[in-house]
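Q:
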Amino acid sequence: AQIRIWLLQTYYSDKPIYNISFDLTIHGNLNIKIFDKKINIMLKRVDILRTNIINDNGIPKLKLNKYKFKTEIINQDDYKKMKDDINYFNNIPFDLENDLLVRILKINNKLVFCFSDIVIDGFSIMNFFNEVLYIYNSIHQQKLPKFDYSVSYYSFIKKKYNEDTDNIISFWNDILKKDCCS
-12 AQIRIWLLQT YYSDKPIYNI SFDLTIHGNL NIKIFDKKIN IMLKRVDILR
38 TNIINDNGIP KLKLNKYKFK TEIINQDDYK KMKDDINYFN NIPFDLENDL
88 LVRILKINNK LVFCFSDIVI DGFSIMNFFN EVLYIYNSIH QQKLPKFDYS
138 VSYYSFIKKK YNEDTDNIIS FWNDILKKDC CS
């Protein structure tokens, strides 16, 4: 999937076709310096969020981006201009070879998150926002966030859906073996 997205984003480099954005409303003041510091700690730990894809003679290769993350801040009193600023922010194409492929805008009481689809999927987004929630709460409560890294994807699914995941896993293993190995 990453190669497909890389090919399309390389071909349509001036279009934000694989940008994914979310926004959260925040309450109270948020110390952006502390927030950025904690986001950078998370990015150091989660390699995929700082991965770039370089073109090596037509072959995509992964490299880790060493840039530090910094939230962009805009204060805007005009609601229409605020919506325009958010729309503009969400529609800036990512440079897959050089940009951090996640960016955050703080505009008034909103945090706007924009990702390149190449570095995020549904499970990653859920984990990212769980950690952002811990970070946000830790800043307001002045406590360090605690994360449970012992939970695997398999355990999460089993707990979340309370289903017989062994049968689901076997089902998908059988399907994948048929598709790729027959």
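Each residue of the sequence shown is one higher than the last, beginning at -12 in the numbering used here.
The beta carbon of each residue, even a glycine, is placed where N, CA and C say it ideally should be.
Since the structure is predicted, the reported quantities are computational estimates derived from the model, not experimental observations.
#1: Whole angstroms is fine: what's the gap from L(-5)'s alpha carbon to H14's?
#2: In the DSSP assignment, find the unbroken beta strand (DSSP E) run with R32 in it and report its ends.
#3: In whole angstroms, what is the alpha-carbon distance linking Y140 and D64?
#4: Suppose you measure from the CA of F102 to the CA of S8; what does that come to, to the nearest Å?
#5: Under the rule that 16 or more other beta-carbon atoms within 10 Å means buried, what is K53, buried or exposed?
#6: Could you round the C-beta distance between V99 and D10 to whole angstroms and report it? I think they count as a contact, below 8 Å.
#7: Tell me the rounded alpha-carbon separation between I(-8) and M113.
#8: Taking all protein chains shown into account, do 16 or more other C-beta atoms lie within 10 angstroms of the C-beta of R32, making it buried, or fewer, making it exposed?
#9: Here's a check: name, in chain order, each residue in its chain whose Cβ is nearer than 6 Å to the Cβ of R90, leaving out the five neighbours to either side.
#10: Measure the alpha-carbon distance for K57 versus D86 and round it to whole angstroms.
#11: Tell me the DSSP bridge mates of V89?
#12: Among K20, L51, N27, whose alpha-carbon lies nearest the alpha-carbon of I35?
#13: How is the alpha helix (DSSP H) around I126 delimited, first residue to last?
#14: Can you give the Cα-Cα distance for I122 and A(-12), rounded to whole angstroms?
#15: In whole angstroms, give me the CA-to-CA distance for E59 and F115.
#16: Would you say D72 and I61 are within 7 Å of each other, going by their C-beta atoms?
#17: Looking at C-alpha atoms only, which residue of D1, T(-3), K20 is the closest neighbour of I126?
#18: Report the three-state DSSP secondary structure of T(-3) (helix, strand or coil).
A: From the atom records:
#1: Translated into the one-based positions of the sequence shown, residue -5 becomes position 8. Translated into the one-based positions of the sequence shown, residue 14 becomes position 27. Using only the alpha carbons, I get a separation of about 38 Å.
#2: In the sequence shown, residue 32 corresponds to position 45, counting from 1. No beta strand (DSSP E) contains R32, which is instead part of the alpha helix (DSSP H) from 19 to 32.
#3: Residue numbering aside, residue 140 sits at position 153 when the sequence shown is read from its first letter. Residue numbering aside, residue 64 sits at position 77 when the sequence shown is read from its first letter. The predicted position of Y140 is uncertain, since its pLDDT is 43 and thus under 50; a value taken from the coordinates is nonetheless stated next. Each residue's alpha carbon lies about 42 Å from the other.
#4: Taking the sequence shown and counting its residues from 1, one reaches residue 102 at position 115. Taking the sequence shown and counting its residues from 1, one reaches residue 8 at position 21. Rounded to the nearest angstrom, the two C-alpha atoms are 6 Å apart.
#5: Residue 53 sits at position 66 when you count from the first residue of the sequence shown. Per the 10 Å Cβ criterion, exposed.
#6: Reading the sequence shown from its first residue, position 112 is the one you call residue 99. Reading the sequence shown from its first residue, position 23 is the one you call residue 10. Contact holds; Cβ gap of about 4 Å.
#7: Within the sequence shown, the letter at position 5 stands for residue -8. Within the sequence shown, the letter at position 126 stands for residue 113. Taking the straight line from one Cα to the other gives about 21 Å.
#8: The count along the sequence shown starts at 1 and reaches residue 32 at position 45. Exposed.
#9: Here residue 90 corresponds to residue number 103 of the sequence shown, with the count starting at 1. These residues qualify, in order along the chain: C101.
#10: The residue labelled residue 57 in the question sits at position 70 within the sequence shown. The residue labelled residue 86 in the question sits at position 99 within the sequence shown. Going from the Cα of K57 to the Cα of D86 covers about 12 Å.
#11: Walking along the sequence shown from the start, residue 89 turns up at place 102. According to DSSP, V89 bridges with F102.
#12: Reading the sequence shown from its first residue, position 48 is the one you call residue 35. Among K20, L51, N27, the Cα nearest to that of I35 belongs to L51.
#13: Sequence index remark: in the sequence shown, residue 126 carries index 139 (1-based). Start and end: 109 to 128.
#14: Residue 122 sits at position 135 when you count from the first residue of the sequence shown. Residue -12 sits at position 1 when you count from the first residue of the sequence shown. When rounded, the distance between both Cα atoms is 30 Å.
#15: Locating residue 59 in the sequence shown gives position 72, counting from the first residue. Locating residue 115 in the sequence shown gives position 128, counting from the first residue. Their Cα atoms are separated by approximately 18 Å.
#16: Within the sequence shown, numbered from 1, the residue matching residue 72 stands at position 85. Within the sequence shown, numbered from 1, the residue matching residue 61 stands at position 74. Yes. Within cutoff.
#17: Working through the sequence shown from its first residue, we reach residue 126 at position 139. If we check each option's Cα against that of I126, K20 comes out closest.
#18: The sequence position of residue -3 within the sequence shown is 10, counting from 1. Looking at T(-3) - three-state DSSP - the assignment turns out to be helix.
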